[in-house]
Structures are given as C-alpha cells and as structure tokens.
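Remarks on the structure that follows.
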Amino acid sequence: MHIGLIGGIGPAATTAYYTRLVDAFKTAQLPLELTIVHADVAVLAKHAGSDQRGAQAKVFARHIRQLQGAGCDVATITALTGHFCFDETERLSALPLINAPDLIDRFCKEQGIGVLGLLGSPPVLATHLFGLLKAPRTVVPKDDLDGLGKAYMEVATSGVCTPEAREMFIKAGAEMVRDQGAEAVLLAGTDLGLAFDGQEPGYRVIDALEIHVDGLVAAAAADA
Numbered sequence: 187m188h189i190g191l192i193g194g195i196g197p198a199a200t201t202a203y204y205t206r207l208v209d210a211f212k213t214a215q216l217p218l219e220l221t222i223v224h225a226d227v228a229v230l231a232k233h234a235g236s237d238q239r240g241a242q243a244k245v246f247a248r249h250i251r252q253l254q255g256a257g258c259d260v261a262t263i264t265a266l267t268g269h270f271c272f273d274e275t276e277r278l279s280a281l282p283l284i285n286a287p288d289l290i291d292r293f294c295k296e297q298g299i300g301v302l303g304l305l306g307s308p309p310v311l312a313t314h315l316f317g318l319l320k321a322p323r324t325v326v327p328k329d330d331l332d333g334l335g336k337a338y339m340e341v342a343t344s345g346v347c348t349p350e351a352r353e354m355f356i357k358a359g360a361e362m363v364r365d366q367g368a369e370a371v372l373l374a375g376t377d378l379g380l381a382f383d384g385q386e387p388g389y390r391v392i393d394a395l396e397i398h399v400d401g402l403v404a405a406a407a408a409d410a
C-alpha cells in the first residue's frame, strides 16, 4: 500500500511522521511506500481559525490529486487541526482517506479511557477537537487558552520548543488531571512531541502521532 501524507503542517510534525513510519514499518517487517506533499501551515491555521472548511478542503483535495499522481493508494492528513474539514475533504478526495480521530476514538474505547484531556492548536482546544471524539468525554485547560494556543503555534511554525513552552504544556496537562478528572492527556498536535519527548510529567500521556502511525501500519498489513 502506497501511503500519501499531507505534510508541512507543521515541519517538525512532518519529520516526526516520516521517522516514526520508517521505524514502525521496519519493526512490522513491511515495505514502506510513502510520498509526502507539502501543505502550508499558515493557510491551514487561517482557515481552521475562521472555520473555512470548504476553502481548506479544496486545498487538501489539490494535494491529494498530487498524491494520486504519484501513485498513492490512500492519503492522510498529518495534523489533527486539519481534520476540522475532514468530511468536506473526503467528499472531494481522489483517494480513500484514513481518519486519525477515528483511530484515537477506537484506542480510547479499547483502553477504557472515559475522560481525556486535550493539548493542541487553538481551534482544537476551542472546539474540543471539533467534536470528533465520541468514546471519551474531552476536557481542555481552563486557564490561559490564548497563551497555550499561541505557544503551540510558535512551536508548530518554528519546529522548536522552548523550556518555557514545555513547562506551560506539562503544567496544563497536570491541571486537567488534577482538577477535571482527566485519565490521560492526548497530545492532539504532533509538534507537542517536542515538549513531551523524554519527559516524565507524572500522568499518562497519549501521543496522537503514535496512534495514527499504528493505524497506517495496520492498514498496510491488511493490504499486504
């Protein structure tokens, strides 16, 4: 199965996806066929922030046609923020799409996670991941959402997480666990790996990237 990634949203996330996919397919002893197309993180942020679903879906549809031209069998969006227009994109898509929130929902159901804390981009926090998760009840930080959102976007666009931003994210997760009963905190933004990798925050952290990659491996294995 030739996988097409809509990447670039943001650069660090794309690198993380590529590295994880290489390692995961090697572990699974599966050949990796992969093409990545570059989308503009600034365009996505603008459209997601103003809920312009149709406009972003057209952008994604053009990228998916590029992936189809490269011989891809399926496509997927590397940013959870990009899933705000998933239904609209799917209607225009030239390829079958793999839906990351569906994979996360299934994971939470299997793990018995009833309350899930979210960290991610401003639109993800404001909309509780666009209401796409059905198995868990989702909670978001109560304090300084604007500051968290700004810090996230700086990480996403620069590919660098400062110690101050790392401390902010880890503290926000701890407060959701302590004050809102979150049983785990989802890194609902791939770039958050820059903040949490190698850290021991004292609570369960679920990496959306890992779930997404595992889903791609499973799809490829089923197609083999």
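Numbers given in my numbering equal positions in the sequence shown, counted from 1, plus 186.
For every residue, glycine included, the Cβ atom is placed at its ideal position computed from N, Cα and C.
Sequence-distant residues of the same chain with beta carbon closer than 8 Å to residue i, five excluded per side
{"i": "Leu395", "result": "Ala199, Ala202, Tyr203, Arg206, Leu373, Thr376 and Gly379"}
Coarse secondary structure for residue i, derived from DSSP in three states
{"i": "Cys296", "result": "Note that residue 296 is Glu in the sequence shown here, rather than Cys. It is helical."}
{"i": "Ile195", "result": "coil"}
{"i": "Ala405", "result": "helix"}
{"i": "Ala210", "result": "helix"}
{"i": "Leu311", "result": "helix"}
{"i": "Gly375", "result": "coil"}
{"i": "Leu283", "result": "strand"}
{"i": "Gly388", "result": "coil"}
{"i": "Ala202", "result": "helix"}
{"i": "Ala370", "result": "strand"}
Terminal residues of the alpha helix (DSSP H) in which residue i lies
{"i": "Val245", "result": "Arg239 to Gly255"}
{"i": "Leu278", "result": "Phe272 to Leu278"}
{"i": "Ala381", "result": "Gly379 to Phe382"}
{"i": "Ala231", "result": "Val227 to Gly235"}
Beta-carbon contacts of residue i that lie in its chain and below 7 Å, excluding the five residues immediately before and after
{"i": "Leu230", "result": "Ile195, Gln242, Ala265, Thr267 and Gly268"}
{"i": "Ile284", "result": "Val260, Thr262, Gly401, Leu402 and Ala405"}
{"i": "Asp409", "result": "Met187"}
{"i": "Ala421", "result": "An answer regarding residue 421 cannot be provided, because it is not within the stretch 187 to 410 covered by the chain."}
Range of the contiguous beta strand (DSSP E) that encloses residue i
{"i": "Leu304", "result": "Val301 to Gly306"}
{"i": "His224", "result": "Glu219 to His224"}
{"i": "Phe262", "result": "It should be pointed out that residue 262 corresponds to Thr in this sequence rather than to Phe. Thr262 -> beta strand (DSSP E) spans Val260 to Ile263."}
Residue-chain proximity (residue i, chain C), Cβ-Cβ < 9 Å
{"i": "Tyr338", "result": "In the structure shown, chain C does not exist; there is a single protein chain."}
Close beta carbons around residue i, own chain, < 6 Å, minus the five adjacent residues each side
{"i": "Val278", "result": "The sequence shown places Leu at residue 278, rather than the Val named in the question. Counting only Cβ-Cβ distances below 6 Å, and skipping sequence neighbours, we find Ala243 and Ala247."}
{"i": "Ala280", "result": "Ile250, Arg251 and Gln254"}
{"i": "Met354", "result": "Ala337"}
{"i": "Thr348", "result": "none"}
Taking 8 Å as the cut-off, does the segment 285-304 touch the segment 248-259 (at least 3 CB pairs, one atom from each stretch)? no
Enumerate, from N- to C-terminal direction, the unbroken alpha helix (DSSP H) stretches of 4 or more residues contained entirely within the segment 322-366. 331-344 and 349-366
With contact counted as at least three CB pairs below 8 Å, one residue from each stretch, are the segment 354-370 and the segment 221-239 in contact? no
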